[in-house]
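*Asks:* Dropping a structure here in structure tokens format, bear with me for questions.
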Amino acid sequence: MTPSHDTAVNPVANPAWARRPSSLAKALTAELVERIVRNVYPSGTPLPPEPVLCETFSVSRTVVREAVKILQEKGLVQVRQGAGTTVTPSSQWDMLDELVLMATIAEDDTLAILDDVVVTRRLLESDMANVAARTAGPDTVQRLRAMVDRMDELVDDHITYQEHDRAFHDTIMQASGNRVARSVVRALESQVVNTARYMGRTERSLCVASNRGHRRICERIAAHDPQGAAEAMFTHITEAWLVRRSGSGEPARLDR
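Heads up: take any position in the sequence shown, counting from 1, add 33, and you land on my numbering.
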């Protein structure tokens, strides 16, 4: 690796995690993920060899090998016997991985990756709303109506409102019985829900508009209208995101 990639070794400048052996492999993995996503180590190029990584980060070969193994599991590198370790194209990265997704969001000024998160949510949650409208019993409908009524009372408290918002969506996902789809949505949400770029604007009027969408979804599920519930969920997720991201100045990629 050339000096342009990393500064010279300086014991004083070493990151704090380099002095905590128990977290070395995990911390080195996180650092390498960020550098790969930031294109410090571009796709198609070799990852710096073990001796260089050891010297750069003041870690042992064992730590480097463990970190490279984890990178390979995340799809960021390909290890070939005799050919070294090569950084893979972004199309091969595991975007459900927390480190990869968060690093990509931080690096993406266009919000395109968050658009992809929303499109994925919209696809899965619309289908789950369709199923919930066919299968939800009186108890689930009553719970959804109570949540919508409660959110009407919380529009001035966007933090508490958002907690109830997530519970409303999760109740519908549970009612659908699709554990895999629910797990995907919950995994994506847990990784982006606390980022300002995903949450966007939070004023009262947006909570009011958002809950109108919730009420339409609830009404269609209560009416056992699968297509109507799916369409209401699709519209709600789309409109809520377009409003939240409206200050970015970048066109949304939701026409998929």
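Quick reminder that beta carbons are idealized off the backbone N, C-alpha and C, glycines included.
For Thr89, count neighbouring C-beta atoms within 10 Å of its own C-beta (all shown protein chains included) and say buried if the count is 16 or more, exposed if not.
*Replies:* Buried, because 16 or more other Cβ atoms sit within 10 Å of the Cβ of Thr89.
*Asks:* Let's test the definition: count the other Cβ atoms within 10 Å of the Cβ of Glu158 and tell me whether it reaches 16, buried, or not, exposed.
*Replies:* Burial call: buried.
*Asks:* According to DSSP, is Arg155 helix, strand or coil?
*Replies:* Arg155: helix per DSSP, three-state reduction.
*Asks:* Restricting to Cα atoms, I'd like to know which of Arg199, Leu144, Ile69 and Arg98 is closest to Ser279.
*Replies:* Considering only alpha carbons, the answer is Leu144.
*Asks:* My understanding is that Leu61 touches Val120, with C-beta atoms under 8 angstroms, so please give their C-beta distance in whole angstroms.
*Replies:* Actually they do not touch by this definition, with Cβ atoms about 15 angstroms apart.
*Asks:* For Ser198 and Arg237, which I take to be in contact (beta-carbon distance under 8 angstroms), what is that distance rounded to the nearest angstrom?
*Replies:* This sequence places Asp at residue 198; Ser is not what is there. No, Asp198 and Arg237 are not in contact; Cβ-Cβ is about 14 angstroms, not under 8 angstroms.
*Asks:* Any idea if Asn227 is buried or exposed, counting beta-carbon neighbours within 10 angstroms, 16 or more meaning buried?
*Replies:* That one is exposed.
*Asks:* What number of angstroms, rounded off, separates the C-alpha of Met135 from the C-alpha of Glu196?
*Replies:* Approximately 21 angstroms between the Cα atoms of the pair.
*Asks:* Report, in whole angstroms, the separation of the C-beta atoms of Met161 and Ile192, which I expect to be a contact under 8 angstroms.
*Replies:* Actually they do not touch by this definition, with Cβ atoms about 25 angstroms apart.
*Asks:* Nearest-angstrom Cα distance between Pro36 and Gly210?
*Replies:* Low confidence applies to Pro36: its pLDDT is 42, below 50, so where it sits in the model is not reliable, and the reading given next is rough at best. Their backbone Cα atoms lie some 54 angstroms apart in a straight line.
*Asks:* Between the Cα of Glu272 and the Cα atoms of Asp258, Leu239, His257 and Gln260, which residue gives the shortest distance?
*Replies:* Measuring from the Cα of Glu272, the nearest candidate turns out to be Leu239.
*Asks:* Which residue wins for smallest C-alpha separation from His247, given the options Ala214, Leu275, Gln207 and Ala200?
*Replies:* Here the closest residue by C-alpha is Ala200.
*Asks:* Between the alpha carbons of Val213 and Asp130, how many angstroms are there, rounded?
*Replies:* Their Cα atoms are separated by approximately 16 angstroms.
*Asks:* Report the partner residues of Asp79 according to the DSSP bridge assignment.
*Replies:* Note on residue identity: the sequence assigns Pro, not Asp, to residue 79. For Pro79, which the question treats as bridged, DSSP gives the partners Thr119.
*Asks:* So the candidates are Val133, Arg113 and Leu109; which of them puts its Cα closest to the Cα of Pro122?
*Replies:* It is Leu109.
*Asks:* Going residue by residue through the region 195-254, where are the continuous beta strand (DSSP E) segments of at least 3 residues, counting only ones entirely within it?
*Replies:* Listed in chain order, there is nothing to give.
*Asks:* Between Val112 and Leu57, is the Cβ-Cβ spacing less than 8 angstroms?
*Replies:* Cβ distance not < 8 angstroms, so Val112 and Leu57 don't count as in contact.
*Asks:* Determine the contact status of Trp126 and Lys102, defining contact as a CB-CB distance below 8 angstroms.
*Replies:* Contact flag unset, no.
*Asks:* Just verifying my parser: in three-state terms, what is the DSSP assignment at Arg278?
*Replies:* In the structure shown, Arg278 sits in coil (DSSP, three-state: anything other than H, G, I, E or B).
*Asks:* Which of helix, strand or coil does DSSP assign to His38?
*Replies:* Reliability fails at His38, whose pLDDT of 44 lies under 50, so the model's placement of it is uncertain and no value is given.
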